[in-house]
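>
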Amino acid sequence: MSHRTLTAERLVVGFERARPVLDGASLTVPAGGRLAILGANGSGKTTLLRCLSGTLRPAAGRVAVDGVPLEHSRRGLRAHRQEVQLVLQDPDDQLFSASVAQDVSFGPLNLGLPEDAVRTRVAEALTLLSVDHLAGRPTHQLSYGERKRVAIAGAVAMRPCVLLLDEPTAGLDPSAVAEAMAALARLQENDSTVVMSTHDVDLALSWAEEVAVVVDRQVVQGTPDEVLGDDALLVRARLGRPWAMTLGARLQELGLLPGGALPRDAERLLAALPQSPAVRT
Ligand SMILES: Nc1ncnc2c1ncn2[C@@H]1O[C@H](COP(=O)(O)OP(=O)(O)OP(=O)(O)O)[C@@H](O)[C@H]1O
Ligand SMILES: [Mg+2]
């Protein structure tokens with residue numbers, strides 16, 4: 000899969016006159032990377048993702064792929080959908096065919112691909128999301144976590160360069176979150192660019208290569224250390240500080256962790272701790 004750089008430039012979006020949700024919001028999705036979009040409820044994460052996917056047209060500003068602006072014509076949107084796919088937060092907004100295999104094949108069939116190419120894509124997507132065993136099942140019988148993974152499989156079957164996931168882990172239990180994250184890791188090995196919106200600062204710190212916070216109608220983007228280490232920004236955005244940064248900073252103060260970059264999750268924090276207990280005197 001080839002890498003494409005998806006950008007949003009100075010987007011202005013509003014649903015009510017004089018009260019824009021986004022006002023001058025810019026974002027660059029790193030090609031081949033993992034970007035987490037963070038923000039409080041109602042900050043505009045879904046709105047931003049919908050603009051990036053072409054399903055919502057901004058009042059001003061533009062979305063571009065490799066610098067080529069998205070055209071909101073039938074043809075332009077069709078071409079954009081082959082590069083960029085959005086998976087909605089609620090799988091029930093996305094799944095509508097009778098069976099899992101039918102649902103996942105819907106997009107590729109719509110592209111007019113021959114049947115065996117569709118079958119290959121569907122099998123590949125179901126395997127990537129570890130839902131092959133569900134292929135023949137009616138979608139309405141699936142658990143919420145299974146439906147979320149099937150909805151992602153439907154987007155993956157389109158082989159997009161950029162996959163946009165709106166809160167893929169929301170409403171999942173810890174083991175389903177781990178399964179979803181493992182699936183995302185496999186997608187990345189497959190060379191996809193993955194963008195995920197989430198409220199979970201801990202998940203963002205552990206997973207993302209870059210983080211974008213939607214705050215005050217704009218986007219602040221940077222490395223996880225820069226963005227999630229900026230306490231004033233986190234307060235403004237109504238987000239908490241990741242626990243690994245708080246604990247890591249304290250352990251550095253106590254001399255129990257070497258200075259430098261803070262650990263990003265429990266595994267990396269434990270690995271950075273001294274391997275034998277300090278001798279008490
Ligand atoms: N179709 C719409 N019509 C009117 N207002 C809308 C519409 N879609 C979104 N909004 C408003 O835009 C603002 C941003 O909504 P959005 O769904 O983008 O936020 P979000 O960051 O995704 O929130 P959440 O974390 O709750 O999913 C909210 O105030 C919302 O009420
Ligand atoms: Mg949302």
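Taking numbering that gives the first Met the number 0, I'd label the letters of the sequence shown as residues 0 to 280.
The beta carbon of each residue, even a glycine, is placed where N, CA and C say it ideally should be.
Output needed for Glu-8: all residues of its chain with C-beta closer than 6 angstroms, excluding positions within five of it in sequence on either side, in chain order.
Ser-25, Gly-60, Arg-61
> Starting from the N-terminal end, write out each residue whose C-beta falls within a distance shorter than 7 angstroms of any non-hydrogen atom of ligand 2.
Lys-44, Thr-45, Gln-88, Asp-165, Glu-166, Ser-196
> Could you pull the DSSP bridge partners for Ile-151 from this structure?
Answer is none; Ile-151 lacks a bridge partner.
> Are there three or more Cβ pairs, one per stretch, closer than 8 angstroms when the region 168-179 is compared with the region 203-212?
Output reads no: the region 203-212 does not touch the region 168-179.
> How big is the Cα-Cα spacing for Asp-115 and Met-157?
14 angstroms
> Tell me Gln-217's beta-bridge partners as DSSP assigns them.
Val-214
> Using C-beta distances below 7 angstroms, list every residue in its chain close to Arg-267, excluding the 5 sequence neighbours before and after it, in chain order.
none
> Any heavy atom of ligand 1 closer than 7 angstroms to the CB of Ser-52?
no
> Using three-state DSSP, classify Thr-192 as helix, strand or coil.
strand
> Whose C-alpha, out of Asn-189, Leu-256, Val-212, is nearest the C-alpha of Leu-200?
Note on residue identity: the sequence assigns Val, not Leu, to residue 200. Closest option to Val-200, Cα to Cα, is Val-212.
> Does DSSP classify Val-130 as helix, strand or coil?
coil
> Nearest to Phe-95 by CA position, among Gly-228, Ile-36, Leu-272, Pro-137, is which residue?
Pro-137
> Does the beta-carbon distance from Ser-191 to Leu-162 come in below 8 angstroms?
yes
> Starting from Gly-75, trace the alpha helix (DSSP H) both ways and give me its first and last residue.
Run containing Gly-75: 73-82, per the alpha helix (DSSP H) assignment.
> For Glu-188, does the count of other Cβ atoms within 10 angstroms reach 16, so buried, or fall short, so exposed?
exposed
> Inspect the CB distances between the region 224-239 and the region 44-51 and report whether three or more fall short of 8 angstroms.
no
> Verify the contact flag: Val-20, CB atom, against every heavy atom of ligand 1, threshold strictly below 7 angstroms.
yes
> Which of helix, strand or coil does DSSP assign to Phe-14?
strand
> Return yes when at least one heavy atom of ligand 1 lies under 7 angstroms from the C-beta of Val-210, else no.
no
> Please work out which residues of its chain come closer than 7 angstroms, Cβ to Cβ, to Val-117, disregarding the five sequence neighbours upstream and downstream, and give them in chain order.
Only Ser-104, Pro-107, Leu-108 meet the Cβ criterion.
> When every heavy atom of ligand 1 is checked, does at least one fall within less than 7 angstroms of the C-beta of His-198?
His-198: yes, Cβ under 7 angstroms from ligand 1.
> Asp-91 to Val-83, Cα distance in whole Å?
20 angstroms
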